[in-house]
Amino acid sequence: MVNAREGRTFYIKRLNIKNIMKDFFKKIFEKRGLSEDGINQMYLDFSAVVILTLIGVSKEKLNTTETEQASKMMEDKKIDDLFKMIQSKYSSEEWATMISEHITPICESYIEEVALPVNA
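Numbering (my numbering), first residue to last: 14 to 133.
Put into structure tokens, the structure is as follows:
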């Protein structure tokens, strides 16, 4: 039997995180008549927070070259590559813990403070 944390980790590892997030934002905001551009901007703003959090939490795992690569990937908007590089620094257990401790609260807060009021 798979517990919830393992299920989340498997889900995140198997699917493209960008597509998951875009689909999530589309489902939340299109009901309110937000344009495709508006939805994309909300997604980009939220993604920046998540990626910066991942970089901040992972900075001790990244060497100098990888830190420079991370900055370049951000500039070049290669978010999938950046995400994969950071994820490669963690074991499955560490990744699940880091996501639960640092990213899940951001998602929960966003849903509570932005998504639910918009869809009310």
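All C-beta atoms in this analysis are idealised placements derived from N, C-alpha and C, irrespective of residue type, glycine included. Being a predicted model, the structure only gives us computed values, none of them experimental.
When only Cα atoms are considered, T77 and R45 end up about 44 Å apart.
Secondary structure of Y103 (DSSP, three-state): coil. Per DSSP, S48 lies in no alpha helix (DSSP H) segment and is marked neither H nor E.
Bounds of any alpha helix (DSSP H) do not take in S113, whose DSSP letter is neither H nor E. Relative to K97, the option among C120, I64 and V127 whose CA is nearest is I64.
Comparing alpha carbon positions, the residue from K39, S60 and I68 closest to S101 is I68. Burial check for S71: the Cβ neighbour count within 10 Å reaches 16 or more, so the residue is buried. With at least 16 other beta carbons inside 10 angstroms of its own, A83 counts as buried. For K85, the enclosing alpha helix (DSSP H) stretches over residues T77 to E88.
Counting along the chain, the unbroken alpha helix (DSSP H) around E121 starts and ends at T117 to Y123. Nearest Cα to I116 within the set K85, D93 and A61: A61.
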